[in-house]
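Chains as they are written, first to last, in the numbering used here: chain A, 23 to 216; chain B, 23 to 216. The next block holds one structure in the form of structure tokens; read it before the comments.
Protein chains: 2
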Amino acid sequence: MPKRGMKPIRRQQLIDAAIASIHEHGFSSATVARIARKAGVSTGIVHHYFADKNDLLAATMRAMLDILRREAVERMRVARSPLERLYAIIHASYGDAQFGEEVFSAWLALYGNARDSQKLQRILFIYHRRLHSNLLHELVPLIGRERAQEAALGIGALIDGLWLRYALTGRPDDAETPRAMTRAYADAMIAGKS
Amino acid sequence: MPKRGMKPIRRQQLIDAAIASIHEHGFSSATVARIARKAGVSTGIVHHYFADKNDLLAATMRAMLDILRREAVERMRVARSPLERLYAIIHASYGDAQFGEEVFSAWLALYGNARDSQKLQRILFIYHRRLHSNLLHELVPLIGRERAQEAALGIGALIDGLWLRYALTGRPDDAETPRAMTRAYADAMIAGKS
DNA sequence: AGTTTTACATTGGACGTCCGTCCAATAAAA
DNA sequence: TTTTATTGGACGGACGTCCAATGTAAAACT
């Protein structure tokens, strides 16, 4: 069975299995054995492709962020104005790819357990900084640097908050409602006084 | 040393210790032994006052929600109009008592690990339902039932989102900024068309 | 008031379980 | 023959839970 160049395939399989496991039984029940079994491989293989369990978890989180990033880049490429690019970021933040229920709970679980590991904390910090920076970049030409700061904070928070609500109530099929609400909030922040 | 009626005292001590432990070393490192040691008691006592570890965790979460609830009730008692009561809910949601860094990370950790336990999930669900219901009750007389639904969802989400940001960046000293932003959002939702 | 009894508080370690990690062995492709 | 992929179990450690033993304050009794 063994062929060469299995590395990227197995890594992806294990990442997918990790997401599914966290979703099904929760973070603390997502053991190496369970993840391996769900991926259809033995437990030993995990440590052949990842340094340890935490490394797999970090890779899982990075993979989720990468989906998000790629979708945002793609959508911003075709946008032609700051407002359009702002909408693109908002649209991508509720991207279909990550609007699956599985990715939801996995993301949330890693959120809650980030304090355990320096690595996870760092990845999370990068996500926040990038989202804020992207929002800020489009907002500044619209409303100036000062008000853009607050607007970026608010829009980012609303994205996370709506996300959280949908993650917990488990209604991942409807991505357009939170998108429209976030756009409306952005409009209000842009039009609003001070 | 043992006196009668230690039950409420020890329970509170253990709950406080649980919050502190989760904050310091993360959720998965908050073992029964560590919590007990931080409370200054032996490990056995934990199972004398709580059914098991999960029961202690659930009680911890309930205690945090109770602080929130009491503060909201207190503030709404003196409010005289729907808008004032809406502001009271918003104010209480960033209450000083729970704006401590410790409570922050504990809350977040329990969020992320809610899927493990039916109990935690239920408590979290109750919190969301209550917040939404309270917001809705004050919004309906202002903008009608239909638009109130969306406004309540958005305000609740913004509260959670801003909370999350402050929890992760760890800046618990400034409670007034998120309050003002949430009030501004509420104003926009009330004034806005659609 | 002094003594006994009762009920509770508390300890600290034993027990069984489960987990992450490691490793020797095997198998297949190059 | 060499390299890579993969297995499955062994190992040590950590954790939650349980329990027998001990100490003490309060109540009951004489």
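Heads up, the beta-carbon is just placed ideally off N, CA and C, and yes, glycines get one too. No experiment lies behind these values; they were computed from the predicted model shown.
### Query
Just by C-beta distance, which residues in the segment 47-73 of chain A are closer than 7 angstroms to chain B?
G48, F49, S50, S51
### Simplified DSSP state of V125/B, which is helix, strand or coil
helix
### Query
According to the Cβ coordinates, are L180/B and G183/A closer than 7 angstroms?
yes
### Query
Any heavy atom of the ligand MG closer than 6 angstroms to the Cβ of L190/B?
What this structure holds is no ligand at all, so the ligand MG is not there to describe.
### Assigned exposure category for V68/B - 16 Cβ within 10 Å defines buried
buried
#### Entry: Beta-carbon contacts of T191/B that lie in its chain and below 8 angstroms, excluding the five residues immediately before and after
none
### Task
Give every residue of the same chain whose Cβ lies closer than 6 angstroms to the Cβ of N76/B, excluding the five residues on either side of it in the sequence, and list them in chain order.
S139
### Task
For M28/A, name the three-state secondary structure that DSSP assigns.
coil
### Message
Comparing C-alpha positions only, which one of L175/A, G134/A, I165/A, R169/A sits nearest to R151/A?
### Response
L175/A
### Task
Anything in chain B within Cβ reach of H150/A, meaning under 8 angstroms, just list it in chain order.
R187, L190, T191
### Message
I want to see whether chain B comes within less than 7 angstroms of N76/A, judged by CB atoms only; does it?
### Response
no
### Query
Along the chain, which unbroken stretches of the alpha helix (DSSP H) at least 4 residues long are found entirely within the segment 37-96 of chain B?
54-61, 68-71
#### Entry: Beta carbon proximity, S127/A to chain B, threshold 7 angstroms
yes
### Query
Are G134/A and R137/B closer than 7 angstroms when you measure CB to CB?
no
### Task
Report the residue ranges of all beta strand (DSSP E) runs contained in full by the segment 180-207 of chain B; include only those spanning at least 3 residues, in chain order.
none
### Query
What do you get for H45/B, buried or exposed, if any count of 16 or more other CB atoms within 10 angstroms of its CB means buried?
buried
### Alpha-carbon spacing of A55/A relative to T65/A, whole angstroms
5 angstroms
### Buried versus exposed, by CB contacts within 10 Å (16 or more), E160/B
buried
### Task
With 7 angstroms as the threshold, decide whether the Cβ of D195/B is near any Cβ in chain A.
no
### Query
What is the DSSP secondary structure of D209/B, reduced to helix, strand or coil?
helix
### Task
Flag this pair as yes or no: are the beta carbons of G117/A and E93/A separated by less than 7 angstroms?
yes
#### Entry: G134/A (DSSP reduced to helix, strand or coil)
helix
### Query
Under 7 angstroms, do I37/A and A73/A count as touching if we go by C-beta distance?
no
### Message
Which residue marks the beginning of the alpha helix (DSSP H) containing D162/A, and which one marks its end?
### Response
It is worth fixing the name first, because residue 162/A is Val in this sequence and not Asp. Counting along the chain, the alpha helix (DSSP H) containing V162/A begins and ends at 140-165.
### Query
Whose CA, out of A197/B, M83/B, A39/B, lies closest to the CA of G122/B?
A197/B
### Query
Can you tell me whether DSSP reads S115/A as helix, strand or coil?
helix
### Message
Please classify R201/A as buried or exposed, where buried requires at least 16 other C-beta atoms within 10 Å of its C-beta.
### Response
buried
### Query
How many whole angstroms separate the CB atoms of I177/B and Y207/B, which I take to be in contact at a CB cut-off of 8 angstroms?
6 angstroms
### Query
Does the beta-carbon distance from A52/B to Q35/B come in below 7 angstroms?
no
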